[in-house]
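Convert by adding 651 to the 1-based position in the sequence shown; the result is the number in our numbering.
Where is the CB? At the ideal position from N, CA and C, for every residue including glycine.
Written out below as structure tokens is the structure these notes cover.
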Amino acid sequence: MKERRAAAILLPVLVVIVAGAIHWSLGTCRLLDRLLGLSGCLGSVVVANFLSLEGVTMSAPDADGVSSLFGTVVIEDGDAPAMIRLDPETGSEAARYPLRLQGSLKRVTLAADGERAGLDCVTTRYCAETGESVSIVSLHDGAEIETADAWRQSPRPALGDPEPGPPFPFDAIFADAGKRIVSRDNDALRIYTTSGQAVAEITSSRWTRPKLSVSPSGRYIALVEDATKEDNHQKFQIWDVRDGVLRATLEMPTNYRSQGNLVWSADESGLFSFRRVANDTYIDRFALPSF
């Protein structure tokens, strides 16, 4: 009789435990999610005691599969800006390099040459140790190459990269080897030809803060569509800039929040996404459908 009572008590407890374990494992990039292919996540790596940025935070993998990850290292008495060289697929770190900045790192602009990055601080007027607003560093070791005083505008002019220019705003970007321009106009994000003809409107949602990244070939852009009050699901969208067609959408569950820009794999078959969990950064790898 006692054994039956004990079994009757334990069974509901076990059911709750098993159900909880299944629910937890169904979370984005967890075991069942990957086995069942629910979100397209292939796996995750953890970068311990490091907080990635909210905008551009990592360079695309180079020929050796190594990227430069920007953010802050969490230390006992606070945090410090740093750059990590790592393999985003395995999480294997080559080195952590401190960044010589006056203030907290706010924004990274990657140069078109794949060798340098321009760094802005929270106090954008003074960032480099020499007093200028932009510190230009090497993606190989974080060493400062030069500084520039470009606090009134994007640091792209300091990097020497071409810009669309007027009538497009300062944050417009080139795609498809300079044949297309992606620009945000008021509440709409659109694709244009270089002559200013609109190819397509990507989104007009006023709740959306576009987070864009151009694919290695330049033909596609990846966009993080933020969750809204009406639709509490973050989405990853892939747009073809040549014809303005939406090629793929990955819809995340309600508990998933990508931090910053997506990063393309070298073969354009996948995307890297970033999440902050406590004092760590998770790099999630997602597979894209064929398009």
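| query | result |
| --- | --- |
| Contact test: S866 Cβ vs the ligand GDP heavy atom, cutoff 6 Å | Annotation note on the ligand GDP: not contained in the displayed structure, which lists no ligands. |
| Sufficient close CB pairs (3 or more, under 8 Å) joining the segment 823-839 to the segment 863-870 | yes |
| Same chain, Cβ closer than 6 Å to V773, five either side skipped, listed in chain order | G754, S755, K757 |
| Cα-Cα separation, S864 to I726 | 31 Å |
| Segment limits, beta strand (DSSP E) that includes A731 | 729-737 |
| Close beta carbons around T723, own chain, < 8 Å, minus the five adjacent residues each side | F701, L702, D730, A731, P732, A733, S755, L756 |
| Endpoints, the alpha helix (DSSP H) within which A809 is located | 807-810 |
| F887 - DSSP class collapsed to helix/strand/coil | strand |
| Local conformation of P749 per DSSP, three classes | strand |
| Separation of F721 from R747, as counted between CA atoms | 10 Å |
| Per DSSP, cross-strand counterpart(s) of I842 | V833, A851 |
| Integer-rounded CB distance, given that R926 should sit under 8 Å from R908 | 7 Å |
| Bridge partners - A714, DSSP secondary structure assignment | Bridge partners of A714: none, in fact. |
| K757 (DSSP reduced to helix, strand or coil) | strand |
| Whole-Å CB distance - L752 paired with A938, under 8 Å assumed | Contact flag wrong, Cβ pair sits at about 36 Å. |
| Three-state secondary structure (DSSP) of A943 | Residue 943 is absent from the model: the chain starts at 652 and stops at 942. |
| Short CB-CB distance (under 7 Å) between E852 and chain B | You won't find chain B in this structure, because it holds only one protein chain. |
| Rounded straight-line distance, which links the Cα of N906 to that of L677 | Note that L677 scores 46 on pLDDT, short of 50, meaning its location in the model is unreliable; the coordinates nonetheless yield the value given after this. Cα to Cα, the separation comes out at about 11 Å. |
| Option in G706, D728, G742 with minimal Cα separation from S718 | G742 |
| Identity of the residues DSSP links to M709 by a beta bridge | L720 |
| R807 beta carbon less than 7 Å from that of I787 | no |
| 7 Å Cβ cutoff met for I934 and P739 | yes |
| Buried versus exposed call for F887 [16 or more other C-beta atoms within 10 Å across all chains shown] | buried |
| Sequence ranges, beta strand (DSSP E) only - wholly within the segment 904-937, length at least 3 | 921-928 |
| Inter-residue Cα distance where the pair is K862 and I832 | 15 Å |
| Range covered by the beta strand (DSSP E) that runs through L699 | Going by the sequence as given, residue 699 is Ala instead of Leu. Note, A699: premise wrong, no beta strand (DSSP E); not H, not E. |
| As assigned by DSSP and simplified to three states, the class of F825 | strand |
| From E814, Y777, A762, L897, residue whose alpha carbon lies closest to that of L790 | A762 |
| Assigned exposure category for P749 - 16 Cβ within 10 Å defines buried | exposed |
| Alpha carbon of H674 to alpha carbon of A873, nearest angstrom | Only weak support is given to the placement of H674: the predicted model assigns it a pLDDT of 39, under 50, and the value that follows is read from those uncertain coordinates. C-alpha separation (whole angstroms): 29 Å. |
| Limits of the unbroken beta strand (DSSP E) element including V594 | Residue 594 lies beyond the range of the chain shown here (652 to 942); nothing can be said about it. |
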